[in-house]
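Student: Let me give you the structure first, and then I'll get to my questions.
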Amino acid sequence: DPIPNDSSWATYHFLPDSLVPDDDEVIEEKAASANKYSTPKFDIPIAEDYFTGLLGTQLLVKNAASTPTPMDTASALANTRLIALYFSAQWCGPCRGFTPLLIEFYNVLKETAPSHGLELIFVSSDRDEGQFQQYYGKMPFMALPFSNRALAQQAKSVFGVRGVPSLVVIDSLSGQIVIPPDESRRVVHQACQRGDEAIESLFQSWLGRVPAESVSMLDILSLSCQEAVEGAGEADKTAATNIKAEGYLKREVPDGNEQDEKAKPLTPVDSTARANELFADRVEELFKQLKAKGMDPNAAATEAINQASAEQKNPSTSIELEEG
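Counting with my numbering, you get residues 38 to 361 for the letters of the sequence shown.
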């Protein structure tokens, strides 16, 4: 009989077992490998004394089982780039509406940047411990212990919080406000409506608003990592190339086309950006000089920023480091 010409026929190719994984293990391993070095290798020098004074010596941190566990504040906030305080309460209707959006926002960023990213701390305005426990039980964030009522009131006063819900975003290096309460809630709501990419984009925009001194510090730490790569032996170069900072930790250098734009009159925003760039350049210059004198990278970074800040406040105090 002739072979039927039927489009339902299919051809199967049997491959050796070694080429056909029985599960997703290989794919998962490749994905893990791709993300293994996505986090910068340096530690972020957060303002430990400031945040311990602001929030107390311990915070509640959710473990793998979502059980709140006390942890000292400095350890809980280690390697956090931005710290957000969420003032909220269970009895508040708008709070109950905003909290699920904030949880979504937080979870997306935790996947994107599990370290060197954003940490959220719940500061309760609940009326009693029971309300606090019930409300906080739904959150993945850290929290100020409910017993620290005085610190909660102090934090409200420091950041001008007059009602709930309120969200204030703070630079972890300087303790300065990056996004005030009257802006953050609105933009988080808008980003969540637009999806994950909008959430990540909003986070990037927040990083672009941190003080120039903090940007310079991270640039310097990134530079220090880069120097470690360049100084590595040939056997270590492949692994060492993974030691680099994320793009959001680096200042953008204008390309040729953007250089032409400098001929245009500067707006106030442009002027600020230019001042920040000059400050960062000066810090980097001082850092290299201090490193050449044998100073430890972290100490050199701190000293470079201090000197550049002094020069910025009083240009006549510009210091040239002596050789030797």
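For glycine and all other residues, C-beta sits at the position ideal for the given N, C-alpha and C. For clarity, every value in this text was computed on a predicted model and none was experimentally measured.
1. Go ahead and label K350 buried or exposed: buried means 16 or more other beta carbons lie within 10 angstroms of its beta carbon, across all protein chains shown.
2. With distances taken from CA atoms, which of A329, F88, L323, L155 is nearest A189?
3. State the beta-bridge partners of Q95 as determined by DSSP.
4. Inspect the CB distances between the segment 245–255 and the segment 161–171 and report whether three or more fall short of 8 Å.
5. Alpha carbon to alpha carbon, how far is P248 from S211?
6. Spell out a yes or no on whether the segment 129–148 and the segment 89–107 are touching, meaning 3 or more CB-CB pairs, one atom from each, closer than 8 Å.
7. For F196, which of helix, strand or coil comes out of DSSP?
8. Since F124 sits in a beta bridge, which residues does DSSP pair it with?
9. What residues in its chain sit with their C-beta under 6 Å from that of V201, if we drop five residues either side in the sequence?
10. Spell out the partners DSSP gives I216 in its beta bridges.
11. Mapping the DSSP letters down to three states, classify M332 as helix, strand or coil.
12. Cβ atoms of L138 and F159: under 8 Å apart, would you say?
13. Looking only at C-alpha atoms, which of A150, V215, A121, L315 sits nearest to A345?
14. Assuming S242 is part of the alpha helix (DSSP H), what are its boundary residues?
15. With DSSP as the reference, identify every bridge partner of L155, one or two as the case may be.
16. Indicate whether L239 and A228 have their beta-carbon atoms separated by less than 8 Å.
17. Name the two residues that bound the continuous alpha helix (DSSP H) containing P131.
18. For I342, collect the residues of the same chain with a Cβ closer than 7 Å to its Cβ; drop the 5 residues on either side in sequence, then sort them by chain order.
19. Between H153 and N185, how many whole angstroms is the CB-CB distance? I'm expecting something under 8 Å.
20. With burial defined as no fewer than 16 other Cβ atoms inside 10 Å of the residue's Cβ, what is the status of T136: buried or exposed?
21. Compute the Euclidean distance between the alpha carbons of L92 and L119, then round it to the nearest angstrom.
22. M332 and E322: beta carbons closer than 8 Å?
23. Could you tell me the distance, in whole angstroms, from the CA atom of E156 to the CA atom of E148?
24. Provide the residue(s) that pair with A180 in DSSP beta bridges, ordered along the chain.
25. Could you name the residues of the same chain whose beta carbon sits closer than 7 Å to that of D109, not counting the 5 residues immediately before and after it, in chain order?
26. From Q326 to I83, what distance separates their C-alpha atoms?
27. I need the DSSP call for I342, collapsed to helix, strand or coil.
28. Given Q213, which residues of its chain have a CB within under 6 Å of its CB, disregarding the five upstream and five downstream residues?
29. Suppose contacts are defined by Cβ-Cβ distances below 8 Å. Is A121 in contact with L204 by that definition?
30. F324 and A347: beta carbons closer than 8 Å?
31. Expressed to the nearest angstrom, what Euclidean distance is found between the alpha-carbon atoms of K330 and A336?
32. Please report the straight-line C-alpha distance between T275 and D86, rounded to a whole angstrom.
Tutor: The answer reads as follows:
1. By the neighbour-count rule (16 or more Cβ atoms within 10 Å), K350 is not buried but exposed.
2. Nearest C-alpha to A189: F88.
3. Answer by DSSP bridge pairing, in chain order: D109.
4. Flag = no, the segment 245–255 and the segment 161–171 do not touch.
5. C-alpha separation (whole angstroms): 8 Å.
6. Too few Cβ pairs lie closer than 8 Å, so no.
7. Of the three classes helix, strand and coil, the one that applies to F196 here is coil, per DSSP.
8. The beta-bridge partner set that DSSP reports for F124 consists of V160, S203.
9. Within the same chain, V201 has close Cβ partners F124, S125, A126, C129, C132, S162.
10. I216 pairs with V206.
11. The answer is coil: DSSP assigns M332 none of H, G, I, E or B.
12. Taking 8 Å as the Cβ cut-off, F159 and L138 do not qualify as a contacting pair.
13. Just measuring C-alpha positions, the residue of A150, V215, A121, L315 sitting nearest A345 is L315.
14. Boundaries of the alpha helix (DSSP H) around S242: 233–244.
15. Per DSSP, L119.
16. Yes, these two residues count as a Cβ contact at 8 Å.
17. In the DSSP assignment, P131 falls within the alpha helix (DSSP H) that extends over 130–149.
18. Around I342: E250, S253, M254, V320.
19. About 27 Å separates the two Cβ atoms, so there is no contact after all.
20. So T136 ends up on the buried side.
21. Spanning the alpha carbons of L92 and L119 requires a straight line of approximately 15 Å.
22. Here M332 is not near E322, since their CB atoms are 8 Å or more apart.
23. Straight-line Cα distance between these residues: approximately 12 Å.
24. Bridge partners of A180: L97, F159.
25. Same-chain partners within the cutoff: T94, Q95.
26. One C-alpha to the other measures close to 24 Å.
27. The answer is helix: DSSP assigns I342 an H, G or I state.
28. Answer for Q213: P248, listed in chain order.
29. Yes, the Cβ-Cβ distance between A121 and L204 is below 8 Å.
30. No, these two residues do not count as a Cβ contact at 8 Å.
31. So the two alpha carbons sit approximately 12 Å from each other.
32. Confidence at T275 is low in this model, with a pLDDT of 47, below 50, so the placement of that residue should be treated as unreliable; the coordinate-derived value is given next. Per the coordinates, the alpha-carbon of T275 lies some 38 Å from the alpha-carbon of D86.
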